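Residue numbers (this note's numbering): 7 to 69.
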């Protein structure tokens, strides 16, 4: 595999992991009900990239 492609994929994976961890930490720090926290976590686990983006675009504004 091309070195550039491997580097690009590695950066994307690291960026995804950082965003997901950031979202999960933010969810636990928010004063949300247990149900709300679980729903956000399930969304992020099932669709990490899209779930995290939805959380940062919509979920952080809820409270």
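C-beta atoms are modelled at their ideal positions from N, C-alpha and C, and glycine is treated no differently.
None of the values given here were measured: they were computed from a predicted structure.
When DSSP states are grouped into helix, strand and coil, residue 8 belongs to the coil group. At a Cβ-Cβ threshold of 8 Å, residue 50 and residue 58 count as neighbours.
In this structure, the straight-line span from the alpha carbon of residue 47 to that of residue 30 is close to 7 Å.
For residue 43, the closest of 10, 61 and 11 by C-alpha to C-alpha distance is 61. Taking 8 Å as the cut-off, the Cβ atoms of residue 54 and residue 9 do not count as close.
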